[in-house]
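Undergrad: Quick note on numbering: our numbering labels position 802 of the sequence shown as 811, and the sequence is numbered without any gaps.
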Amino acid sequence: MHLFDVGSHILDDFDAATVGRGRQYADEGRVRDLAWHGDGDTLTGMCAGSGGRSYRVELYFESVGADRELVWAGCGCPVGRYCKHAVALLLTAAAHGRLGVPRQRWRTVFGGVLDELGAAVAEGSAAIGLEFSVKTATVYRPVPVLALRPVTLGKRGTWVKKGLTWRQILFGTDAGGFHQRQYLAIRALATDVHRVSPAMVGDVIMVAGAPRTVWSQLTAVIDAGVGIVADRASGLQAVELIKTAQLRLDFTADAEGGAAMTPKLIIDGEQCGTGQVGLLGAPVHGVSHIDGGVLRLGPFDPVPATAMLRLAARGEGVHIPAEDFAEFSLTVLPRLARVAPLEIAEGLFTPPRVSGPVPVLTIVMTGTGARASWSIRYGLDDRHHDFEPDTPPALTGYRDIDAEEAAWRRAEPVLRAVAAAAHTWKHQAVQHIARRMRRTLNAAILDEHRAISAAADAAAAAAVAARATLCGPVDLTRAEAAVLCGEILPQLDCLHEVAVDIGEGTPDFRVAQRPAQLEFGTGDDGQLGNDWFDLNVTVRVDGQPVPLRDVFVELSSGATHMLLPSGVYFPLDTPELLRLRELIEEARALGEIEGDRVNARSMNVSLWEELLALGVVDEQVAQWRDNLARLSSAQPPAPVDPPAGLRAVLRDYQRDGLNWLSFLWDNGIGGVLADDMGLGKTLQTLALIARAAEAGAGRFLVVAPASVVSNWAAECRRFAPGLEVLAVTSTAARSGLPLAEQTAAADIVVTSYTLMRLDFDVYAEIDWAGVIFDEAQFVKNHNSATHRCARRLPAPFKLAITGTPMENNLMELWSLLSITAPGLFPSPTAFADYFRKPIESGSGADRLPVLRRRIKPVMLRRTKAQVASELPPKHEQVLNIDLGAKHRKIYDTRLARERQKVLGLLGDWEKNRFRIFRSLTLLRQLSLHAGLVDAAHANVASAKVDYLAERLPELISEGHSALVFSQFTAFLGIIRSHLDTLGVAYSYLDGAMSAPQRAAAVAEFQRGATQVFLISLKAGGFGLNLTEADYCFVCDPWWSPAAEAQAVDRAHRIGQNRPVSVYRLVSQGTIEERVVHLQERKRALFTAVVDEGGMLGSAITASDIRALLG
């Protein structure tokens, strides 16, 4: 035996302080249980620490000749290695002469041989091993645990615990001289274990808390050729990696008459007997078993419950009393069978017969309708148990989650059909999801919520809903429950997959045998002579009367069926009932119905004709219906002859117009004659007046713009010379003669809108046979005083004449109808809500054809293209004019300033409207001529003026005549100056001229004294016949395209025999271009309503202003 003393080199690896404390521990006798292992290379022992705890110490040696060399000193203390406990163990072993037996000679010789062989291993391919050891229990570790450490091949080809540490592997950069694949595999293992459970103690890693990936990592380690080494010093002889481990529960009868459950560990299909069992993972996912020095470890499949694992680790069992067998068999045993293998002694338990699962639909009536709810049903012997769909199956032993999933999958068409049966289910589904989101929030639930919210209706929502949502309760109306039970469910092929329970008190639902029939009748008095009468509308179903108000409530709710108390139900989505709902909603919105009372004097003839056509009517209502039908036809039974006193030959379309006007007159109904400009509206109206005069009707009042009063008088004398005409040109006070006396002998009185408004009380005292409003766009503003006077002026017949019954918005049309046919749309608010807002916004395209039908009986409009095919063509062209460089610079500079100002004012559109339009007007003037805005720029050239100065003389030389329109008289003045310079004769007309001056200017142009007529757009846009002109120049676009069209039609009208060329001059890159775009939108609105086009539009808005400014 070779001994060494404390001064030997064997203590060189310890510092002096550690040696001193170790010597003290050795002297105090703290070391016990010394033992040598293997070939005498490992020395172990226990050393008592300063706190009363004992630590296991492991010392590893290598023989060098006849000496031993310490290669590793490990300890279970916090220091972990080369500590005072290791020194104490060394000194105690030396003192007791227990340093082991010298190695035999042959070992030393062949060890050298192996060292030489090891030196021949190629650089970079040194092998790595993985040593498994068992660390004994300590105060900090109540149970023994497995530990891993890397080992390397020594010089003699044996595994040694030096040359490689976990710290090198975890925190090093590369494999160095070790086998690359082995190094990477073992580092991957160490990284996984260390990341989840940092448990490196000294040079070992504890694997008690290793992740589940440890098993695949160990397999990879073995596949890489890493040696698996058993630490013999900890009692291990071999290590085996198993495939699977299971914990089987064995049930046997015990001596007390009950049953005993004992957990058994099954490894690779074989039951393990005695031995030490350890659990791996947190949570547990694997097991280790040591028996006879052989360590076997591997994953659980399946992973047992923690409680069972603890029982197995402690080797304990569980007692089940006999009286609890039934409950245990029903609630516990089936659940255990799904999670662990069982072995039950024959005849020990007798479980009940379980059938199912089957989805169950339960329908019960509630105070507000019905509720359909779902459950899942199991049969237990002769009883059944129902569970809510969201109850976890795991809470009940005999429930089978896979079978339930399959059952719900088969029943899914029924789930969706039940959901779709409720028209409010989309809203219900959103509420279901909201409750689920409070418990669980994930991407799938959010996607479902978005899909259902975007669904068009209940059926579409049900098609995209998840099963958890479909299984929620469904609230239905009683009618929906009837349809569900009577029609929907019987038609489903998969209905046999579910059970249907109908609650007590549910009626015997049955569908009506015949469609619902509408009946109309009057109230008890049966009178139609008053302003209002009771209209009883009854729906009769299989002989049972159903009040209209009940049907209407169901129709308005969006219901598709209605259920009667008898259990009979019938569809509401028939064409007749759907049309009934639309018409009654419209009538109520427009003030035609108050409760069950109907306006007997309604002018909305097409509405009531459509309504009464839906059903059966009694005698009194039939009389009213016949009157409505006659009015709605808008054509009299037979044409009328033109009056004998008319000095004109009417064209075919003008005779049609006379027929229509005569029909309105004969029936005491007013209307709107809205023929296109230039089709002879004045002549048609004079024909009506002459016909009425021949029948002794009385005086007619014609109200027109002041500028055309004289023209109206002239037309009357021309076409109806037999009628006495009086033109009123001053107020009664100024004339000095009462109006009644002035008009006493007149058949036709012509006055202006201004005089009518100023002398309204005077005009209202006279009995007029009828009132004609020419150029009726002058009363289009229903908030103006002139409109109120026109509406209040008493007369049995009122006719509005205008080629533009609407310029900016639909309320202008309402204004005319409120004067001429006040019973058609009594309330402006109702009209705006029901027609104007939906149509102009584009949200109510379906209201547009309704409005056309409603106004058709009282408005007649024909375009030139429809009735005046003999008219020569009208060619219209937009000429884009480029501003000169200096003009452009002035415009752009001012545009930037005005844009900034206007955009700041748009925040309060109504308050700043005047200031905004003033800025816009300034920019429009600047687009024409810089001098219109600033006199300093009077000499800056204008491209439009230059164009006209060049073009007009050319046209005159070719024998043409031209009208030149502008809204700005100052610009017309600039053109006049240029024409004067050129020596071109011209006529001129603006609003400041008196009636005689106007007449003289028109006559001058009509007789050919001049070939150019400069006209202010507002002053000369109506009431003139200027067919002598065949060229029109519109110098600046106006907000209203109708105003421009009126101006152009001074030339393109009946009597014109030459093609008319229209040029709209637009300054390129200015506000004028954007005004043209705005015109297009307004023109589309007019076409949509009046000319029955399909586009929509509205008045100028703040967004339009932004667009105008770019």
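Ideal Cβ positions, reconstructed from N, Cα and C, are used throughout, including at glycine.
(1) In angstroms with no decimal places, state the Cα-to-Cα distance between S836 and L573.
(2) Taking the straight line between their C-alpha atoms, what separation do you get for R664 and A1008?
(3) Where are the beta strand (DSSP E) runs, 3 residues long or more, that stay fully inside the region 43-89, in chain order?
(4) Give me the Cα-Cα distance between S793 and R800, rounded to the nearest whole angstrom.
(5) Any idea what DSSP makes of D310, helix, strand or coil?
(6) Look at the alpha carbon of A508 and the alpha carbon of R425, and state the distance between them as a whole number of angstroms.
(7) Less than 8 angstroms separating the beta-carbons of K139 and V40?
(8) Can you list, in chain order, the residues of its chain whose CB lies under 8 angstroms from that of A778, leaving out five sequence neighbours each side?
(9) How about H946 and P1068: do their beta carbons lie closer than 8 angstroms?
(10) Quick one: is A35 buried, meaning 16 or more other Cβ sit within 10 Å of its Cβ, or exposed?
(11) Judging by CA-CA distance, which residue of D24, L932, F260 and R845 is the nearest neighbour of I899?
(12) Compare the Cα-Cα distances from D685 to each of M815, V1011, V248 and A905 and report the closest residue.
(13) Helix, strand or coil: which one does DSSP assign to C503?
(14) Leaving out five residues on either side along the sequence, give the residues of the same chain with a beta carbon under 6 angstroms from the beta carbon of D855.
(15) Under 8 angstroms by Cβ, that's how I've got P831 and Y762 pegged, so tell me the actual separation to the nearest angstrom.
(16) Rounding to the nearest angstrom, what Cα-Cα distance links R347 and I410 in this structure?
(17) Near E249, which residues of its chain fall below 6 angstroms by C-beta distance, leaving aside the five closest residues on each side in sequence?
(18) Per the contact definition of three or more C-beta pairs closer than 8 angstroms, is the region 473-488 in contact with the region 368-381?
(19) Might you give, ordered along the chain, the residues of its own chain that have their beta carbon closer than 6 angstroms to the beta carbon of V130, omitting 5 neighbours on each side?
(20) With a threshold of 8 angstroms on Cβ separation, who are the neighbours of S384 within its own chain once the five nearest residues in sequence on each side are excluded?
(21) Give the C-beta separation of V28 and V96 to the nearest angstrom, bearing in mind that I take them to be a contact with Cβ-Cβ under 8 angstroms.
(22) With H, G and I counted as helix, E and B as strand and the rest as coil, what does DSSP make of V152?
(23) My parser needs the alpha helix (DSSP H) runs of 4 or more residues fully inside the region 261-313; what are they?
(24) Find the nearest neighbour of P313 within the set D300, G324, E332 and V293, judged by alpha-carbon distance.
(25) Quick one: Cα of V550 to Cα of F579, how far?
(26) Return the CA-CA distance between R444 and I454, expressed in angstroms with no decimal places.
(27) Whole angstroms is fine: what's the gap from P111's alpha carbon to T200's?
(28) In this structure, how does DSSP classify S728 when only helix, strand and coil are distinguished?
(29) For the candidate residues T813, A463, Y192 and R727, whose alpha-carbon lies nearest to that of F180?
(30) If you scan the region 756-822 from start to end, which runs of the alpha helix (DSSP H) of 4 or more residues do you find wholly inside it?
(31) Sort out for me which residues DSSP pairs D395 with in a bridge.
(32) Here's the rule I'm using: 16 or more other beta-carbon atoms within 10 Å means buried, otherwise exposed. How should G1121 be labelled?
(33) Mark E963 as exposed unless 16 or more other C-beta atoms lie within 10 angstroms of its C-beta, in which case mark it buried.
(34) Could you give the residue range of the alpha helix (DSSP H) that holds Q886?
(35) State the DSSP-derived secondary structure class of K144, mapped to helix, strand or coil.
(36) Does the count of Cβ pairs from the region 978-985 and the region 947-959 closer than 8 angstroms reach three?
TA: With the given structure in hand:
(1) 37 angstroms
(2) 30 angstroms
(3) The qualifying runs are 51-57, 63-73 and 76-84.
(4) 11 angstroms
(5) coil
(6) Distance between the alpha carbons of A508 and R425: 16 angstroms.
(7) Here residue 139 turns out to be Leu, not Lys, going by the sequence shown. It is not a contact, given that the beta carbons lie outside the stated cut-off.
(8) Sequence-distant Cβ neighbours of A778 in its own chain, meaning closer than 8 angstroms and more than five residues away, are A701, A706, G707, R708, F709, A804, P805 and F806.
(9) No, these two residues do not count as a Cβ contact at 8 angstroms.
(10) buried
(11) L932
(12) M815
(13) coil
(14) The answer is none, since no qualifying residue turns up.
(15) P831 to Y762, Cβ: 19 angstroms. No contact.
(16) Going by the C-alpha atoms only, they are around 10 angstroms apart.
(17) R305
(18) yes
(19) Bear in mind that the predicted position of V130 carries a pLDDT of just 41, short of 50, making it unreliable; the figure below should be weighed with that in mind. The answer is none, since no qualifying residue turns up.
(20) P368, V369, T371, D395, F396, E397 and P398
(21) 5 angstroms
(22) Under the three-state reduction of DSSP output, V152 falls in the coil class, being neither helix nor strand.
(23) none
(24) V293
(25) 8 angstroms
(26) 11 angstroms
(27) Any reading at P111 needs caution, since the residue's pLDDT is 47, under 50, leaving its predicted position unreliable; the model's value is listed next. Taking the Cα positions, P111 is about 41 angstroms away from T200.
(28) According to the sequence provided, residue 728 is Phe. The question's Ser does not apply to it. Secondary structure of F728 (DSSP, three-state): helix.
(29) Y192
(30) List check, alpha helix (DSSP H) in window: 762-767, 769-773 and 794-801.
(31) R386
(32) Because residue 1121 is not part of the residues shown, which for the chain are 10 to 1119, the question remains open.
(33) It counts as exposed.
(34) Q886 -> not in any alpha helix (DSSP H); beta strand (DSSP E) instead, spanning K883 to I890.
(35) In the displayed model, K144 falls within a strand according to three-state DSSP.
(36) Yes: at least three Cβ pairs fall under 8 angstroms.
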